[in-house]
Amino acid sequence: MKVLDAEFTKGFIRMANDGWEQGWHERNGGNLSYRMKSVEVELVKEDFKAGDWQDIGTTVPGLAGEFFLVTGSGKFFRNVIIKPEDSLCIVEIDEKGEKYRIVWGLVNGGRPTSELPSHLMNHEVKKRLTDGRYRVIYHAHTTNTIALTFVLPLTDEAFTRELWEMATECPVVFPDGIGVVPWMVPGGREIAVETSKLMEKYDVAIWAHHGMFAAGEDFDLTFGLLHTVEKAAEILVKMLSMTGQKRQTITPDDFRHLAKDFNVTLPEKFLYEK
Ligand code: 13P
Ligand code: ZN
Numbered sequence: 010m011k012v013l014d015a016e017f018t019k020g021f022i023r024m025a026n027d028g029w030e031q032g033w034h035e036r037n038g039g040n041l042s043y044r045m046k047s048v049e050v051e052l053v054k055e056d057f058k059a060g061d062w063q064d065i066g067t068t069v070p071g072l073a074g075e076f077f078l079v080t081g082s083g084k085f086f087r088n089v090i091i092k093p094e095d096s097l098c099i100v101e102i103d104e105k106g107e108k109y110r111i112v113w114g115l116v117n118g119g120r121p122t123s124e125l126p127s128h129l130m131n132h133e134v135k136k137r138l139t140d141g142r143y144r145v146i147y148h149a150h151t152t153n154t155i156a157l158t159f160v161l162p163l164t165d166e167a168f169t170r171e172l173w174e175m176a177t178e179c180p181v182v183f184p185d186g187i188g189v190v191p192w193m194v195p196g197g198r199e200i201a202v203e204t205s206k207l208m209e210k211y212d213v214a215i216w217a218h219h220g221m222f223a224a225g226e227d228f229d230l231t232f233g234l235l236h237t238v239e240k241a242a243e244i245l246v247k248m249l250s251m252t253g254q255k256r257q258t259i260t261p262d263d264f265r266h267l268a269k270d271f272n273v274t275l276p277e278k279f280l281y282e283k
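Just so we're aligned: the sequence shown equals residues 10 to 283 in the numbering used here.
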């Protein structure tokens, strides 16, 4: 089967385009990766043509031999749906988890996203922690979340609690909370290490003054998670634009009641008295 005819490719393209339509992907902003199932690799491997091995820039032994569908570096999300074989590629990871090679896509040249170290290190953590269930890592330049990184303290506690308060569904959708990476140079191993440490605890990591990373089982859940966080951030931005002082809000005890009824565990570190 052709890569472009496979269901996982169609799901990937739809998600990329949904992100574009939300306004999270100016120019080449953001990137997306999907860890393929072995049946999917078998299904499309007749369409593969292997390039040369390249250094990943970090080591991911837990992903040895895996195949990923990823966006290309410098490629515009706007164009993913229009010319996917120019915008995307499939990469294979070598048996040591040190190198990758392109086996499909980027027909006009190029390389996978510059955030490949962050994507792969996050995938490695999530594959281990979820017994292989999580397959998607998504990075977007989410406007409202970025705006908040100029006014909220850059702590997991502040971001989680303030965003939980903005919509009742939030603590149910991201009960583990959200991590925050202070401003760092993007595109390398250092920021990948810090982000993947947060992925040990959370499914969402915010990059100060830059954007957001989300991890999930499939395209719908990962997009929905990032969308929910960004929607809460939008409400908070609107609220802060009206007043610095809330008249009423969801209280720590309200969250405890919600946790009981919805059968989720909300860490007490986020339910501090203000
Ligand atoms: P790439 O075009 O290399 O994916 O970079 C975009 C981006 O958002 C960097 O953080
Ligand atoms: Zn970015």
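Cβ atoms here follow ideal geometry from the backbone N, Cα and C, with glycine treated the same way.
Closest by C-alpha distance to G39, out of I111, L97 and P70, is L97.
Contact between V69 and G106 holds, with the beta-carbon distance rounding to 4 Å and staying under 8 Å. Straight-line spacing of the CA atoms in V246 and P184 works out to 21 Å.
Taking 4 residues as the shortest admissible run, the segment 99 to 144 contains the following complete alpha helix (DSSP H) segments, listed from N- to C-terminal end: 125 to 138. Beyond the five residues adjoining it in sequence on each side, E226 comes within less than 6 Å, by CB distance, of R142 and Y143 in the same chain, given in chain order. A direct Cα-to-Cα measurement between E94 and I200 gives close to 29 Å. For Y281, the CB contacts under 8 Å within the same chain, skipping 5 residues up- and downstream, are E166, R170 and P261 in chain order. DSSP places M208 in the uninterrupted alpha helix (DSSP H) bounded by R198 to M208. If you draw a straight line from the Cα of G253 to the Cα of V181, it is about 26 Å long.
Distances from the alpha-carbon of A15 to those of V50, A176 and H34 put V50 closest.
Shown in chain order are the residues whose CB sits closer than 7 Å to a heavy atom of the ligand 13P: N37, G38, G39, N40, T80, S82, G83, K84, T122, S123, E124, H148, H150, P195, G196, H219 and G220. In the DSSP assignment, S96 is bridged to no other residue.
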